[in-house]
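If you read the sequence shown in our numbering, its first letter stands for residue 2, the second for the next number, and so on.
One structure is given below, encoded as structure tokens.
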Amino acid sequence: MAVDGRSPTLDTERTGTWTGADARSIAAVVRNREVTARRVVEDHLALIAEQNTRLNAIVTVAAESALAEADALDRRLDRGEVAGPLAGVPFTVKDLIATAGVRTTAASRALADNVPVVDAPAVAAMKAAGAILVGKTNTPEFGTSGLTDSEMFGPAVNPLGGPQSPRSPGGSSGGEAASIASGMSVLGLGTDFGGSVRWPAHCTGLCSIRPTVGRVSADGQYPGVLVGDHVRANPTTVHGALQTVGPMTRNLDDLVLALRMISEPHVAWTDPATVDVDTLTITWAPGEGTVPVDDEIEDVVRESARRLGAREYRGSALVEGNELFGRLRATQTHADIDALARTDRFGAVIRDLLSTAGRAEHREVEGLWAWRTALIHRLLDEMGDVLVLPVASIGAPPLSDDRFAVGDRLLTWQEALASCRTISVTGLPSVVVPVGRTSDGMPIGVQVVARPFHDHVALAVAARL
């Protein structure tokens, strides 16, 4: 996973621009004054102007502030100041995450004019490393769907699908995935509750990680608890307890770098390059056990497992995770959303959620969290050091579809993401890396799941794949 040290070059000979270059390469040439940060940002803004009308991936372009930040960075470098590991790297952020001075709507008309004063901690960490925010990306309202569409912004489009057969980039970080996969940004931040950085990475051929819960600050995500100028994660809700901020990139080196930058300072960091993959106990599963997986995807996961020398998972915990996730999710009252505005300010999906919000008794809720604790410990006993399994039952779906045939069963998007939801409920780290393609050319990713705070182990195994 090491960089070879050679002077990086433009994607450059082909396109004449810095779009498509990786983060490490851009940061190196900006720090060495071989190119200005302004030039890099201008190249990406030009591609946004060219591509975004078709892809609808970026819903707020931060052109003015991005150019101002680039100029300020260039001046600091001219004075001989030291720049960070992401110096001059354009990045985007899912529109659920607070960005100071840049509109953050959560795709809700209730927040249409919301301009935060304070960055989410993960955003602040990216900026401190020298990265430059160029835009906010499309998401369903409050991230409540696995397909990126909303009444406010409309659907995001997968850049890998042709104009005659447009595909979804997944969701709810679908706009973020489309932005990075198209080259409009180099890397970015999404959020993951039930698969929302893993499924879009699978759909667009990217790398992503759902970090161990607690590695990256959960603050700054909407909905949350508004405390002065801050949005704080609410640990008493299922959403606040399970949703994470996670990076998305085009390669694993950039993913490692981004995760290191946004990890909480008090959480120990271990370089994935120090992991001896050959000493690990690795298991694999063709799915979580209750929802069918397309044969092509199962075959790719099986081949990935064979390359790793993995044994088939034979435990009993995995099969319970999707049901537990669904039952916990059904207990949510969505009080953090309800507190933001009158019900009529929200779209139809959110109004429906609020009207059917969970009314579970305390004993039932406590019982579900107890089940979660027992399930985590059983899964850790059964999975070894690493578990490999599919991201989803399907590849990137047609843009207009909301039901998906697998074998003789028609799946909802929730069912198609059963393998993601099962891992979400455990809080374990999960890396997605592309390992194959479907017969119609769409990417296939695989989940590499590790033990708590062993994110570096999952990254090392993903690198082997």
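Positions of the beta carbon are idealized from the N, C-alpha and C atoms, including for glycine.
This structure is a prediction, so every number in the text was calculated from the model and none was measured.
So the candidates are the options; which of them puts its Cα closest to the Cα of residue i?
i: P453; options: G385, S186, A463; result: G385
i: V432; options: R110, L418, W414, H457; result: H457
i: T105; options: E70, T61, S183; result: T61
i: T213; options: G162, L78, R261, R330; result: R261
i: G102; options: A24, L256, K137; result: K137
i: T192; options: G163, P117, A107; result: A107
i: I181; options: G155, S209, R168; result: S209
i: A132; options: A88, G172, L188, H267; result: A88
i: M185; options: R55, G163, R410; result: R55
i: V436; options: A417, R343, E297; result: E297
i: S26; options: L207, R251, S218, V116; result: R251
i: L466; options: D279, G316, A331; result: D279
i: E362; options: T334, L381, G241; result: T334
i: L325; options: A375, V31, S356; result: A375
i: R39; options: N53, N57, R77, E367; result: R77
i: G206; options: M443, V462, A461; result: M443
For residue i, which residues does DSSP report across the bridge?
i: V214; result: V217
i: W285; result: E313, V389
i: A406; result: L411
i: I133; result: P91
i: A451; result: V387
i: I445; result: G437
i: L68; result: In the DSSP output, where bridge partners are listed per residue, L68 has none listed.
i: L227; result: V232
i: M249; result: G189, S209
i: V103; result: T100
i: T138; result: I59, K95
i: R168; result: P399
i: S264; result: V217
i: V432; result: I210, V449
How many angstroms separate the CA atom of residue i from the CA atom of residue j?
i: Q448; j: W200; result: 10 Å
i: D337; j: T140; result: 18 Å
i: M153; j: E82; result: 43 Å
i: E70; j: S151; result: 31 Å
i: A125; j: G327; result: 33 Å
i: V221; j: A67; result: Note on identity: in this sequence residue 221 is Gly, with Val being the wrong assignment. Whole-angstrom Cα-Cα distance: 20 Å.
i: M127; j: P86; result: 9 Å
i: P399; j: S169; result: 6 Å
i: W270; j: L258; result: 11 Å
i: L429; j: D79; result: 44 Å
i: A3; j: D254; result: Any reading at A3 is ruled out, since the residue's pLDDT is 37, under 50, leaving its predicted position unreliable.
i: P91; j: R360; result: 44 Å
i: P224; j: H231; result: 12 Å
i: P156; j: G147; result: 12 Å
i: V434; j: A464; result: 8 Å
i: G396; j: R303; result: 16 Å
i: I98; j: R343; result: 22 Å
i: T286; j: D295; result: This sequence places Ala at residue 286; Thr is not what is there. About 14 Å.
i: V116; j: G144; result: 18 Å
i: D44; j: I283; result: 43 Å
i: P93; j: T275; result: Contrary to the premise, residue 93 reads as Thr rather than Pro in this sequence. Cα to Cα, the separation comes out at about 30 Å.
i: P248; j: G408; result: 33 Å
i: D189; j: I49; result: This sequence places Gly at residue 189; Asp is not what is there. In a straight line, the C-alpha of G189 is about 15 Å away from that of I49.
i: L369; j: T439; result: 37 Å
i: D345; j: N53; result: 30 Å
i: A121; j: G229; result: 13 Å
i: N57; j: L256; result: 24 Å
What span of residues does the beta strand (DSSP E) with residue i cover, start to end?
i: V350; result: Where V350 is concerned, there is no enclosing beta strand (DSSP E), although the alpha helix (DSSP H) it sits in stretches over 349-356.
i: R233; result: 231-233
i: V1; result: Coverage of the chain is limited to positions 2 through 466, which leaves residue 1 absent and any answer about it impossible.
Label residue i either buried or exposed according to how many other C-beta atoms from any shown protein chain fall within 10 Å of its C-beta, with 16 as the threshold for buried.
i: L134; result: buried
i: D75; result: buried
i: Q165; result: exposed
i: L227; result: exposed
i: S420; result: buried
i: H267; result: exposed
i: V450; result: buried
i: G176; result: buried
i: A459; result: buried
i: L411; result: exposed
i: D402; result: exposed
i: R216; result: buried
If I follow the unbroken alpha helix (DSSP H) through residue i, where does it start and stop?
i: D441; result: D441 -> no alpha helix (DSSP H), and no H or E assigned at all.
i: H457; result: 456-465
i: R39; result: 38-56
i: F326; result: 322-331
i: H240; result: 239-243
i: S420; result: 419-425
i: D339; result: 336-339
i: V31; result: 24-32
i: A179; result: 175-182
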